[in-house]
Structures are given as C-alpha cells and as structure tokens.
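Everything below concerns the one structure shown next.
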Amino acid sequence: MNLAGWKRKWHTVALIGTLAVSTALAGCNNDTSNTVVENEGSSPASGASSEAPLEEMEYSFFDAVHSTPQDFYNNPNDVVTPYIENKFKIKVSEIITASGMRPEEKFNLLVASDTLPDVVLVDNPNVSKFYASDKFVALDEYIDQLPNIKKWTSELAWNMLKDQDGHIIALPNSTPFKSDPQVGANIPDDDIFYKGQTSMGLVVREDILKKLGYKFKTMSEIEKDLNANPRNYTADELALDPKIETVEEFTKLLQQIKDLNLVEGDKPVIPLSMMNWSIYHFSTLYTNPGWMIDGSGNVSGFLDNPGMRDYYKTINQWYADKLLDNDYVIQKTEQYMEKLNSGRIAVASYSDNWSKSRESLKQINPEYDLRPIPWPKAASGKTYVDATYPSGFYNVMISKKVKDLPRLLEYFDWLYSDEAMELMTWGPESAGLYTEKDGKRVFKDEAFGQAIASGQKTADGKSASYYGLYDPFYSDGFTSKALRTAVGLFGYNPVTWQKSYPVQMDAFETARHAVAVEKLAIDGSHVAPYGENASEVGNWFWGEFVAQKVAKILTAKDDTELNQAFDSVLNEFKADKYEAAKEDMSDYFRVLQGK
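Residues -26 to -1, 1 to 569 in mature numbering (1 follows the signal peptide of the UniProt record, and there is no 0) are what the sequence shown lists, from first letter to last.
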C-alpha cells in the first residue's frame, strides 16, 4: 500500500524521530551535518507528483497529554513547518487540547460527541484505554512499510504499543537505547551528544559534603574536565569517598547532616525533602515502585511489591528522626522550590528548574552548589526508580476516520528519515540560516550560532527554537509544529548542529544523567499501569495513599503500630480491582516479553 497517507497529528513527535533517522542514514557522505537534501521529489509522497499533483490533505490533532497549547503549535517564526507542508501537501487543520479539563475527560467528551480528531497524542499508559473506545485503527499490516520508524524502534518498544491480543495500536515517538542491539547499532560509540532517557537522581549540597569530610570531584572540577575532555561520565566516577552504597550509609549521611545543625537565614536546613509523589520513587532503595515481574514470573504492584513494608519502616524512622521533611506530604511545589532555592534542603531529587536552583544557591554563597550522587543499592538486588518508554512516553494513535491512511503513514515515516532530521536541524536552504565554512555547516549569523551552542539566546532574544529548529536545551529537542503534531525520534539527534561548534557540555546534566540512567527499567520488568483495572489501582495509590493514607505509616509510634498501619492500607489497596489488575498486567508482561 502507498503509505503517503498517514496523517499529521503525530507530526511533532514523528518529525523528531524521522530527522534523527534520516541523518543517521544520510547517503554516502558520513558528514551528514553538512548536507541537507531539499529535492522535492526525494520523498515517496512527492515522487508521486511527477505523475499527478498531490491533493491537499489535512488532519486534525488532539493533544491528550498537555492541558494547554504548547508554544511550538503557534510559532510564526517556524521555518521548518511551512517547507514540509508544501513538500507533502499535508497540513494540520486544527489542534485541540484539554483546555483546562483533564485530558482523559476531554477525550471522553470528544468520543461521546463524535468529534474526536484524526490523530491523537496520548501518554503510553493510556494507549490501551483509548483503544478500547473502538475509534482507532490497528497498524499491524503497515509496520513493514515504515523502514525509518522501524530502524529506531526496538522489539520491546513495539511490544509496548500492542494490545493484549498482540495488535500494534499506536506509533512510537522512539527514545533510542544504546544498550538495545538493534537500535544501538545506529548510535556511534563516540557520540557524546547521545543521552537517551534519564530518571530521577539524588543531589546533595557540595558545601555540606565538604563539611562532613567526603572527598569528591566538585561540579566546577567536572565542568573543567568536560571542557578539556568532552565525554559522558559514569555513575562510578561520581561516587563519593567514602561511597554511599547502602540504605544504612545513606541514613548515616542524613543523620550527619542533621547533627551539623545548619541554618539558612533563621530557618534550619532539612536533611532530605521531596514532593509527596517522590515517595513512590524512593522505594527503589528496597524494591521497584510500580508494576513489576520478578525472575520467577510473579507479578505485583505498588504496595504489594516485595520489600515495600521494610521501605516504609525506614521512611517512618526518617520521619520520626526529622531526617525527612515533616511537611513533605502537604507542601506545594512552590513551597518545596522555595526551600530548595534558598538552601534549606541538603539532599533532594527534584527541581522544576535545576539551572535556576543552582544559580539561586550561588547567589546566597558562591561555595554552594548541587552535586549529583549515585543511588544506594538495594539489598534485594537490581531495582528501578521508574519504568522507561523506548516507544516514547507520548505515542500517536490514528482515527478510523482517516481516509488516506497509507499516505499519512508514509509521511510520518519520512519524519524519522535522515532527510527530515537534517532539515529540522538547519532549516531549509530557502530560509538562509546556514552556510558552509571550513568544511562544516554552520549558521550564517555567528552570534546566533555561538549563543545557541551554549544554551543561550541572542541579544534580540533568538534561540534555535525561535526558528522551529532542533534545540537540545528545549524539552525533547525538536521544536517545529510539523514534528510536534506527528511522530519522531526523541532524545537523540545524530546530525545535531552541536557537532559543528566547539563542544560545550552541560556538566550538571551530564552528571545527573549518569547517576540516574541506570535506574530506568529498560528490560520491561517494571512498567506503568496497563488497562482500566491497573489504572484504577494506580489512581488509588496516588490519590488515596500518597496524598493521604501514608500519614498512618509516617506517624506510627512503634513497630506494632506501623505493621498495623501498613496492613490496613495494604488490605484497602488490594480490596477492589487489584487481583483483576494483576491478571491484566500478567497478560501485558507476556506481550512485552513477546510470548
């Protein structure tokens, strides 16, 4: 079938992925950063135009992930999207967001009114739930006709896009993992710009570590090292001396911090603080936090995971000893961030803006900085902070209403191509943004090139995202509307313009990635809820336990009271849909494992 017909709603994501693929495959010249192919007849869709002009094709797009429109949906300076629209004669006619509603509520409303758009951007845990509406097409028969998408999509990634009957029901915004044999072969070993997905890591105030006598390479020393020798760090290189490898050693660190009796202004420094949802992630100290399958094939989730009781005993002790912020359950993000940015948190794992947090600390005292450190290891063995999504956390589903599905799919596949990736990196030749210099492609405006290479804006406020170009300092990198309303490669651009400029690595993000990436479950053994039953179980955990009922455990006065409190919430957790959810998740793990 002619694939040129895949509609454009996943345009955003797909373009990203396509560009990466295109660049990696680009022709005979290995230095693909110097060549952008702009021949109108180079794509399958435009190739058909030699026989007859393509008819204009439009598709509507529903962003069921974000509650408000994203900046790139309406960027008048985007030079990439108009070029692609003209090339393929495909355009997004309408973009719908939740408009203040919960995305799932908006989806249900659109389904009920029979106004669901052609292409839907959805978070991976909701793919199966949305497919149950019977409004979307299964894509099995088309996958072999998507060579660019297949290049960057692992077997596990495809499995995460299947329903329980094994049908592929969504398209990936692939996040490539170097460890995957198939996908990793497309990523050079020496590509320092490859990062992939990351997770939540621990950071500690450097000045406090020094006061306690720990030896380590400071962030300023790491930055100097990376400037002299650009590379990716490992978690072992960022370990403290002495190392903090066990829960007991981590608890000792928190107690040492408390014993310093530090204050900022007139308020005490808290050894450890977190957002209330972080209690989920910290269980990696003992076990996996969400749905998991062990080596014997036993499936469990959340509070029922082995080791969870011991974890909450530790949390109870931290809470009682005031090693853990006693306001963590009820504090709002603004309150937490005020503490972090004013130096009142010694150990943290979250910031809504790490650069701002570090800058705020240095304004208080130039000696203050945040230093990522590796997680302590769980006594039970390998555990994770979170599930990973090699198919991307955001996926694209296509409505049965789409009339020319092959054409839309061909277009989406192109967005993963080398040609597309390079176009989104430099813009079309007609935009006049780049030139050739000393055998390399560079931006004509030297001030612009220098500014964006360091993650800054020009004096007149221009960044790479201003033009809808690839911006590694912007969420997910690719910023053109065409890509963000379709599908693409996330987390990696093999032809990034960064390779044309002196390397300026972000030392903090390099270190934070190194200590966090190993805590992502990339083998499918720990995943998010799948299906209605599992989603309801997850909703109870977040809405009832994390926000309220955890208080019973935190305030227990002794082991007897704590065990009673834990048994009480565990029984309530398992009372309704848990067993049905376990069955659904067992089926899902079977699909993930290709069985």
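Note that the Cβ used here is the ideal one computed from N, Cα and C, for glycine as well.
For residue 85, which residues in the same chain have their Cβ closer than 7 Å to its Cβ, ignoring the five residues on either side in sequence? For this step, residue 85 is matched to residue 111 along the sequence shown. Closer than 7 Å at Cβ, skipping near neighbours: 107 and 109.
State yes or no: is the C-beta of residue 96 within less than 7 Å of the C-beta of residue 559? Along the sequence shown, one-based indexing puts residue 96 at 122. Along the sequence shown, one-based indexing puts residue 559 at 585. Contact flag unset, no.
Give the straight-line distance between the Cα atoms of residue 467 and residue 60, rounded to the nearest whole angstrom. What you label residue 467 is simply residue 493 of the sequence shown in a count that begins at 1. What you label residue 60 is simply residue 86 of the sequence shown in a count that begins at 1. In a straight line, the C-alpha of residue 467 is about 24 Å away from that of residue 60.
Pairwise C-alpha distance: residue 541 and residue 378: By one-based count along the sequence shown, residue 378 stands at place 404. By one-based count along the sequence shown, residue 541 stands at place 567. Going from the Cα of residue 378 to the Cα of residue 541 covers about 55 Å.
Can you give the Cα-Cα distance for residue 443 and residue 399, rounded to whole angstroms? Here residue 443 refers to the residue found at position 469 of the sequence shown. Here residue 399 refers to the residue found at position 425 of the sequence shown. Computed Cα separation, rounded: 5 Å.
Stretch pair the region 177 to 184 + the region 446 to 466: three plus CB contacts closer than 8 Å: The region 177 to 184 and the region 446 to 466 do not touch, with fewer than 3 CB-CB distances between them shorter than 8 Å.
CB contact flag (residue 358, residue 159, <7 Å): Within the sequence shown, the letter at position 384 stands for residue 358. Within the sequence shown, the letter at position 185 stands for residue 159. Cβ atoms of residue 358 and residue 159: not closer than 7 Å.
Using the rule of at least 16 other Cβ atoms within 10 Å of the residue's Cβ for burial, across every protein chain shown, is residue 549 buried or exposed? For this step, residue 549 is matched to residue 575 along the sequence shown. Per the 10 Å Cβ criterion, exposed.
On the DSSP letters alone, give me the boundaries of the beta strand (DSSP E) that residue 246 sits inside. Indexing the sequence shown from 1 puts residue 246 at position 272. 244 to 246 is the extent of the beta strand (DSSP E) around residue 246.
If we ignore side chains and look at the alpha-carbon of each, how far apart do residue 122 and residue 448 end up? Within the sequence shown, the letter at position 148 stands for residue 122. Within the sequence shown, the letter at position 474 stands for residue 448. Spanning the two alpha carbons is a distance of roughly 24 Å.
Looking only at DSSP bridge pairs, what is residue 318 linked to? If you number the sequence shown from 1, residue 318 lands on position 344. Answer is none; residue 318 lacks a bridge partner.
Is the region 33 to 44 touching the region 73 to 88, taking contact as three or more C-beta pairs under 8 Å? yes
In whole angstroms, what separates the C-alpha of residue 267 from that of residue 554? Indexing the sequence shown from 1 puts residue 267 at position 293. Indexing the sequence shown from 1 puts residue 554 at position 580. Straight-line Cα distance between these residues: approximately 16 Å.
In three-state DSSP terms, what is residue 2? Position 28 of the sequence shown, counted from the first residue, corresponds to residue 2. With a pLDDT of 35 at residue 2, under the threshold of 50, the predicted position of this residue should be treated as unreliable, and no value is reported.
Consult DSSP for residue 19 and reduce its assignment to one of helix, strand or coil. Locating residue 19 in the sequence shown gives position 45, where the first residue counts as 1. Annotation note: pLDDT 47 at residue 19 (below 50); position unreliable, no value reported.
What number of angstroms, rounded off, separates the C-alpha of residue 428 from the C-alpha of residue 472? Here residue 428 refers to the residue found at position 454 when the sequence shown is read from its first residue. Here residue 472 refers to the residue found at position 498 when the sequence shown is read from its first residue. Approximately 9 Å, taken between the alpha carbons.
Hey, residue 77 and residue 35: beta-carbon distance below 7 Å or not? Here residue 77 refers to the residue found at position 103 of the sequence shown. Here residue 35 refers to the residue found at position 61 of the sequence shown. Against a cut-off of 7 Å, the Cβ pair of residue 35 and residue 77 comes out as no contact.
Taking residue 335 as the reference, which of 119, 539 and 178 has the closest Cα? Reading the sequence shown from its first residue, position 361 is the one you call residue 335. Here the closest residue by C-alpha is 178.
Regarding residue 204 and the ligand FMN, is the C-beta to nearest heavy atom distance less than 6 Å? The ligand FMN is not part of the structure shown, which contains no ligands of any sort.
Assuming residue 334 is part of the alpha helix (DSSP H), what are its boundary residues? Translated into positions along the sequence shown, residue 334 becomes position 360. Unbroken alpha helix (DSSP H) run through residue 334: 328 to 338.
Please classify residue -13 as buried or exposed, where buried requires at least 16 neighbouring CB atoms within 10 angstroms. Locating residue -13 in the sequence shown gives position 14, counting from the first residue. Residue placement at residue -13 cannot be trusted, given a pLDDT of 36 that sits under 50; the coordinates are not used to answer.
In angstroms, rounded to a whole number, what distance separates the CA positions of residue 54 and residue 506? Here residue 54 refers to the residue found at position 80 when the sequence shown is read from its first residue. Here residue 506 refers to the residue found at position 532 when the sequence shown is read from its first residue. Residue 54 and residue 506: Cα-Cα distance of roughly 39 Å.
Compare the Cα-Cα distances from residue 48 to each of 62, 68 and 64 and report the closest residue. Position 74 of the sequence shown, counted from the start, is the residue given in the question as residue 48. Answer by Cα proximity: 68.
8 Å contact criterion, which residue 281 and residue 260 should meet: CB distance rounded: Within the sequence shown, residue 281 is the residue found at index 307, counting from 1. Within the sequence shown, residue 260 is the residue found at index 286, counting from 1. Yes, they are in contact, since the Cβ atoms of residue 281 and residue 260 sit about 4 Å apart, within 8 Å.
Please classify residue 361 as buried or exposed, where buried requires at least 16 neighbouring CB atoms within 10 angstroms. Here residue 361 corresponds to residue number 387 of the sequence shown, with the count starting at 1. That one is buried.
Can residue 438 and residue 431 be called in contact, C-beta distance under 7 Å? Locating residue 438 in the sequence shown gives position 464, where the first residue counts as 1. Locating residue 431 in the sequence shown gives position 457, where the first residue counts as 1. No, they are not a contact pair.
Bridge-paired residues (DSSP) for residue 500: In the sequence shown, counting from the first residue as 1, residue 500 sits at position 526. 266.
Helix, strand or coil at residue 91 [DSSP, three-state]: Position 117 of the sequence shown holds residue 91. Of the three classes helix, strand and coil, the one that applies to residue 91 here is coil, per DSSP.
7 Å Cβ cutoff met for residue 488 and residue 105: Position 514 of the sequence shown, counted from the first residue, corresponds to residue 488. Position 131 of the sequence shown, counted from the first residue, corresponds to residue 105. In this structure, residue 488 sits away from residue 105, with a CB-CB distance that is not shorter than 7 Å.
Give me the DSSP bridge partner(s) of residue 274. Indexing the sequence shown from 1 puts residue 274 at position 300. Paired residues: 266.
Considering only C-alpha positions, which residue in the set 279, 146, 112 and 127 is nearest to residue 139? On the sequence shown, position 165 is the one that residue 139 refers to. Among 279, 146, 112 and 127, the Cα nearest to that of residue 139 belongs to 112.
How would you write the range of the beta strand (DSSP E) that residue 414 sits in, first residue to last? The residue given as residue 414 occupies position 440 in the sequence shown. Segment 414 to 417, the beta strand (DSSP E) holding residue 414.
Between which two residues does the alpha helix (DSSP H) containing residue 395 stretch? In the sequence shown, the residue the question calls residue 395 occupies position 421. 392 to 400 is the extent of the alpha helix (DSSP H) around residue 395.
DSSP three-state label for residue 443, please. Position 469 of the sequence shown, counted from the first residue, corresponds to residue 443. Residue 443: coil per DSSP, three-state reduction.
Kindly give me the distance between the Cβ atoms of residue 31 and residue 381, rounded to whole angstroms, as I take these residues to be in contact under 8 Å. Reading the sequence shown from its first residue, position 57 is the one you call residue 31. Reading the sequence shown from its first residue, position 407 is the one you call residue 381. Rounded, the Cβ-Cβ distance is 7 Å, consistent with contact.
With 16 other Cβ atoms within 10 Å as the buried cut-off, status of residue 4: Sequence index remark: in the sequence shown, residue 4 carries index 30 (1-based). Unreliable positioning characterises residue 4 in this predicted model, as indicated by a pLDDT of 35, which lies under 50. The coordinate reading is nonetheless provided below. It counts as exposed.
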